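Chains as they are written, first to last, in the numbering used here: chain C, 5 to 464; chain D, 5 to 464.
Right, one structure below, let's go through it.
There are 2 protein chains.
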Amino acid sequence: MNTQVIEKLCQLFGERVRLEHSIRQQFCQAPPGVQLSPPDAVVTVRNEQEIVEVVSLCHEYGVAVIAAGARSSLEGQINAPQGGVCIDCSEMNAIVGINTTDMTATVQPGVTREQLNSHLRETGLFFSVDPGANASMGGMAATRASGTNSVRYGTMAANVKAARWVMADGTVAQIGSRAPKSAMGLDLLAIAVGSEGTLGLFSELDVRLHPVPEAIVAGVCSFASVDDAVQTVASALGQGLSVARIELLDVTAVRACNAYSPSLNLPENPHLFLEFHGDTSTVASSVEGFIDCAHEFGGQLKISHRLEERTALWKARHDAWWAFHAYYKGRKGLATDVCVPLSSLSACISATVADIAASGLDAPLIGHVGDGNFHLLIMLQEGEDESVSIQAFLSRLSSRALSFGGTVSGEHGVGEGKVKWMSAQHGAALDCMRAIKAALDPANILNPGKMYHPRTVDAQ
Amino acid sequence: MNTQVIEKLCQLFGERVRLEHSIRQQFCQAPPGVQLSPPDAVVTVRNEQEIVEVVSLCHEYGVAVIAAGARSSLEGQINAPQGGVCIDCSEMNAIVGINTTDMTATVQPGVTREQLNSHLRETGLFFSVDPGANASMGGMAATRASGTNSVRYGTMAANVKAARWVMADGTVAQIGSRAPKSAMGLDLLAIAVGSEGTLGLFSELDVRLHPVPEAIVAGVCSFASVDDAVQTVASALGQGLSVARIELLDVTAVRACNAYSPSLNLPENPHLFLEFHGDTSTVASSVEGFIDCAHEFGGQLKISHRLEERTALWKARHDAWWAFHAYYKGRKGLATDVCVPLSSLSACISATVADIAASGLDAPLIGHVGDGNFHLLIMLQEGEDESVSIQAFLSRLSSRALSFGGTVSGEHGVGEGKVKWMSAQHGAALDCMRAIKAALDPANILNPGKMYHPRTVDAQ
Numbered sequence: 005m006n007t008q009v010i011e012k013l014c015q016l017f018g019e020r021v022r023l024e025h026s027i028r029q030q031f032c033q034a035p036p037g038v039q040l041s042p043p044d045a046v047v048t049v050r051n052e053q054e055i056v057e058v059v060s061l062c063h064e065y066g067v068a069v070i071a072a073g074a075r076s077s078l079e080g081q082i083n084a085p086q087g088g089v090c091i092d093c094s095e096m097n098a099i100v101g102i103n104t105t106d107m108t109a110t111v112q113p114g115v116t117r118e119q120l121n122s123h124l125r126e127t128g129l130f131f132s133v134d135p136g137a138n139a140s141m142g143g144m145a146a147t148r149a150s151g152t153n154s155v156r157y158g159t160m161a162a163n164v165k166a167a168r169w170v171m172a173d174g175t176v177a178q179i180g181s182r183a184p185k186s187a188m189g190l191d192l193l194a195i196a197v198g199s200e201g202t203l204g205l206f207s208e209l210d211v212r213l214h215p216v217p218e219a220i221v222a223g224v225c226s227f228a229s230v231d232d233a234v235q236t237v238a239s240a241l242g243q244g245l246s247v248a249r250i251e252l253l254d255v256t257a258v259r260a261c262n263a264y265s266p267s268l269n270l271p272e273n274p275h276l277f278l279e280f281h282g283d284t285s286t287v288a289s290s291v292e293g294f295i296d297c298a299h300e301f302g303g304q305l306k307i308s309h310r311l312e313e314r315t316a317l318w319k320a321r322h323d324a325w326w327a328f329h330a331y332y333k334g335r336k337g338l339a340t341d342v343c344v345p346l347s348s349l350s351a352c353i354s355a356t357v358a359d360i361a362a363s364g365l366d367a368p369l370i371g372h373v374g375d376g377n378f379h380l381l382i383m384l385q386e387g388e389d390e391s392v393s394i395q396a397f398l399s400r401l402s403s404r405a406l407s408f409g410g411t412v413s414g415e416h417g418v419g420e421g422k423v424k425w426m427s428a429q430h431g432a433a434l435d436c437m438r439a440i441k442a443a444l445d446p447a448n449i450l451n452p453g454k455m456y457h458p459r460t461v462d463a464q
Numbered sequence: 005m006n007t008q009v010i011e012k013l014c015q016l017f018g019e020r021v022r023l024e025h026s027i028r029q030q031f032c033q034a035p036p037g038v039q040l041s042p043p044d045a046v047v048t049v050r051n052e053q054e055i056v057e058v059v060s061l062c063h064e065y066g067v068a069v070i071a072a073g074a075r076s077s078l079e080g081q082i083n084a085p086q087g088g089v090c091i092d093c094s095e096m097n098a099i100v101g102i103n104t105t106d107m108t109a110t111v112q113p114g115v116t117r118e119q120l121n122s123h124l125r126e127t128g129l130f131f132s133v134d135p136g137a138n139a140s141m142g143g144m145a146a147t148r149a150s151g152t153n154s155v156r157y158g159t160m161a162a163n164v165k166a167a168r169w170v171m172a173d174g175t176v177a178q179i180g181s182r183a184p185k186s187a188m189g190l191d192l193l194a195i196a197v198g199s200e201g202t203l204g205l206f207s208e209l210d211v212r213l214h215p216v217p218e219a220i221v222a223g224v225c226s227f228a229s230v231d232d233a234v235q236t237v238a239s240a241l242g243q244g245l246s247v248a249r250i251e252l253l254d255v256t257a258v259r260a261c262n263a264y265s266p267s268l269n270l271p272e273n274p275h276l277f278l279e280f281h282g283d284t285s286t287v288a289s290s291v292e293g294f295i296d297c298a299h300e301f302g303g304q305l306k307i308s309h310r311l312e313e314r315t316a317l318w319k320a321r322h323d324a325w326w327a328f329h330a331y332y333k334g335r336k337g338l339a340t341d342v343c344v345p346l347s348s349l350s351a352c353i354s355a356t357v358a359d360i361a362a363s364g365l366d367a368p369l370i371g372h373v374g375d376g377n378f379h380l381l382i383m384l385q386e387g388e389d390e391s392v393s394i395q396a397f398l399s400r401l402s403s404r405a406l407s408f409g410g411t412v413s414g415e416h417g418v419g420e421g422k423v424k425w426m427s428a429q430h431g432a433a434l435d436c437m438r439a440i441k442a443a444l445d446p447a448n449i450l451n452p453g454k455m456y457h458p459r460t461v462d463a464q
């Protein structure tokens, strides 16, 4: 990288510019099969003006800029294949304000979801988006994150109301508003959310909050087959039951979670983990409605009556990653996700499970099935990181999701890991995305080598 | 317009090309203060390929292209200030398919909302977006329409899942998907929806459907003041009550509706018209919850127990436009809307009502207040169309909405009527929208002279 840029950064930010290899290594991440590429420098910023200064400098010198928050992305979103400057936003973690009438929180991008929810504890409101990690608001907005609650409360696309957004030349735009809706022009916020730092950097966000429901009831439901579980989900959603979480675990996942969580002792069958939100009567009738749906497909719902049981249940679900690593000792998990229309979910999962077996893989399956979204954690053997057969399996998984009218990622995003699928998924629409990228970042300094890169599945 | 374009259109479409002034006059619309500008030709298309043919031809010759559906837009969206070709999509009105599991309908752009809901009658599903007019799906998507149900079911932004989209050079892109969510790239669908035909034309849409709720209860609630009504709304929404419609009518609106609807005999006070959706117990508890909220602000809820009463109530609400015209005989209504955060709604309405009185206007106020959105129908005297004082009033209304952190339109959109406010509302973000427009339609053939036009409030 241009030494003048380094010098100027050091003048501006002093010790907050880090050039050591050991630090830079912490600010890159890549999925197996993608080379780890650290940035040339990491700069810790403390306010919007400092983001503007770094971006403006990089714009002047044509240097790559990548924003980092909690660094929990999974597809190489913060990898730096062209080097450049990583802007560490983790210290921009102030909760600027809460508006209880508008049910919004104004936050800096480094605020984490757990931090925000702790802060909200006395307000009767909560922030709903819950990806596995304790991710940052800026990062979650950038990757259009979701999680277990999205079936009821939506993804980040539905939960970011407005933002301040630093564009490629350092201009700051105010996008969106706290008004509940608008018909005045292009919804820039909607392309900013999910653009993975390739069009601009969030310097402040207004996010939606939701009233804490009067009643919350959780439970588990055992099925003879994944298909029975998925059909139950479709039936329950078709009736508009007040389901807030509906998570599938296949047999392998259940076994691993049983082994890891002392309080869990589930029959070794596919399960749904469920949570119902609403007022007391709504929840009661939704639970009854669900019991009827499940009964039709041979499922038995077991309610967790006590708060501790419910907490233990979701802890077990959130600990799945660790459970799988404990179950498959010495192996390394490769997390991936796809998402398909609900009507294709059962067929897509069946074909995938058959493929896992035929490929001789260990890959427990868990899913936000109310969203048609499922995850695999492929437990890699030593040295399988670059394995051709693993990559071939991932290719079949992605192709399969597309053939069912779905998307190659429901929540992990594009990064470097899935960029080669952009053309197959989007066709002419990718040219349209590229035109937008070229218009808003003509020098291609914002997170280059990602979303619009000309790699394809064939050219892999 | 280039005579070669006319000739080629006639070769391709024969009698479906209309050049008569009387026909062309029906394919333009403008709010008071904006000149009516008919297109040079109207072409009725029957399928996507025909849209592609017209757009490609216009692209070749640099001729303007405007899409029309039900022609019910209010801000001059289908006006043709630069002439050109109007593509009449009203005959592309096939319902291509319904997927009850995914709860989606695939429709051509000319399908109207009432047509779709009639078609859905036996399915247990419905389409929720209900602007005043029986608008077309393509037009509603283009203007990001909403209506009375949006407080619960969202605007078109939340109810279009996927689309086929004809871009400026005639390329057709598939945008979005029927998968419930995606994290693969820019959300092009979200900028297509609300772009008012300036970036592309919808040739097919997948829209979301919702389960018809088990129980629907409607009612009216009378208040001593608008402020009491609005505070009740905020309180009810803050508790997560299952409100599907929550409409404000000020005293003037109530008087006019009473006079027009034989079944309506409301006390001459501000009112909320309400509807609750859910299962029987949810609705019952939400109604109870609402009664408590209203009581705190002196409101009395009166439930419409019978279906006929409920139907009459919403008919009265939907007939408001006609009621106002009947009440103010010989006057012409100018409809406008703004939208602000819920926390500012009461203050914004109060200031507006005071301004109406000070300006000596007759302008009943109705609003989708759960969305922070309210409408005025300014009843113009003869010759007031070009009135400086009316325009000054509209300017103050728009400025006021912005000063409260809101938007100059919640649902009517930009068209030609509100384009002069784009800069004041969006600042640097408007440059960003212009860059996207220039990237996707470099020759500026798609609905030119609208959204990105350099008019400003000062230059008016």
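Note that beta-carbon positions come from the ideal geometry of N, C-alpha and C, so glycine has one too.
Small disclaimer: the values here were computed from a predicted structure and weren't measured.
- By the Cβ-count criterion, Gln-235 of chain C is buried, with 16 or more other Cβ atoms from all chains shown falling within 10 Å of its own Cβ.
- Here Pro-274 of chain D really is in contact with Ser-229 of chain D; their C-beta atoms are around 6 Å apart, less than 8 Å.
- With respect to Ala-161 of chain C, Ala-145 of chain D sits apart: the two C-beta atoms are not nearer than 9 Å.
- Residue state for Asp-389 of chain C is assigned as coil, using DSSP reduced to three classes.
- Within the segment 224-292 of chain C, the runs of beta strand (DSSP E) at least 3 residues long that lie entirely inside it are, in chain order, 247-253 and 275-282.
- Look at Gln-112 of chain D here: in three-state DSSP terms it is coil, with no helix or strand label.
- The beta carbons of Val-418 of chain D and Glu-79 of chain D sit about 6 Å from each other, so the pair counts as a contact at 8 Å.
- Per DSSP, Val-197 of chain C lies in no alpha helix (DSSP H) segment and is marked neither H nor E.
- A Cβ-Cβ distance of about 6 Å is found for the pair Gln-304 of chain C and Cys-225 of chain C, placing them in contact under the 8 Å criterion.
- Pro-458 of chain C sits exposed, since fewer than 16 C-beta atoms from the chains shown fall within 10 Å of its C-beta.
- Fewer than three Cβ pairs drawn from the segment 427-441 of chain D and the segment 357-364 of chain D lie within less than 8 Å of each other, which leaves the two stretches out of contact.
- Glu-79 of chain C is not bridged by DSSP to any residue.
- Judged by their CB atoms, Arg-168 of chain D and Ser-207 of chain D are nearer to each other than the 9 Å cut-off.
- The Cβ atoms of Val-47 of chain D and Val-89 of chain D sit closer than 9 Å to each other.
- In the three-state reduction of the DSSP assignment, Phe-294 of chain C falls in the helix class.
- The beta carbon of Asn-103 of chain D falls within 9 Å of a beta carbon belonging to chain C, placing the residue at that interface.
- For the C-beta of Val-412 of chain C, the chain D residues within less than 8 Å are, from N- to C-terminus, Met-188.
- At the C-beta level, Val-58 of chain D and Ile-91 of chain D come within 9 Å of one another.
- Taking C-beta atoms under 8 Å as the contact rule, Arg-335 of chain C and Met-383 of chain C qualify, at a distance of about 4 Å.
- A contact between stretches requires three or more CB pairs, one per stretch, nearer than 8 Å, and the segment 406-421 of chain D fails this requirement with the segment 387-397 of chain D.
- Proximity of Trp-325 of chain C to chain D, defined by a Cβ-Cβ separation below 9 Å, is not satisfied.
- Tyr-331 of chain D is not a Cβ neighbour of Arg-438 of chain D, given a cutoff of 9 Å.
- Burial is judged here by how many other beta carbons sit within 10 angstroms of a residue's own beta carbon; Pro-217 of chain C has at least 16 and is buried.
- At a cut-off of 9 Å, the C-beta of Val-230 of chain D has no neighbouring C-beta in chain C.
- Leaving aside the five residues that flank Gly-421 of chain C on each side, the residues in its chain whose CB is nearer than 7 Å to its CB run, in chain order, Pro-35, Val-38, Glu-79 and Gly-80.
- Taking a C-beta distance under 9 Å as the contact criterion, Leu-253 of chain C and Pro-368 of chain C qualify as a contact pair.
- Under the 9 Å criterion on CB atoms, Pro-85 of chain C is classed as non-interfacial with respect to chain D.
- Looking from the CA of Val-100 of chain D, the closest CA among D:Ser-76, D:Asp-106, D:Ala-45 and D:Val-115 belongs to D:Val-115.
- With the criterion set as a beta carbon lying under 7 Å from some beta carbon of chain C, the members of the segment 324-348 of chain D are Cys-343, Val-344, Pro-345, Leu-346 and Ser-347, in sequence order.
- Closest by C-alpha distance to His-416 of chain C, out of C:Arg-400, C:Ser-267, C:Ile-82 and C:Asn-6, is C:Ile-82.
- DSSP lists D:Ser-226 as the beta-bridge partner residues of Gln-304 of chain D.
- Inside the segment 144-210 of chain C, DSSP marks whole beta strand (DSSP E) runs of 3 or more residues at positions 164-171 and 176-180, from first to last along the chain.
- One finds Lys-185 and Ala-187 in chain D with Cβ atoms closer than 8 Å to the Cβ of Glu-415 of chain C, taken in chain order.
- In this chain, the beta strand (DSSP E) harbouring Cys-343 of chain D covers 336-343.
- Ser-94 of chain C and Ala-166 of chain C have their C-alpha atoms roughly 20 Å apart.
- Rounded to whole angstroms, Leu-434 of chain D and Ser-186 of chain D show a C-alpha spacing of 27 Å.
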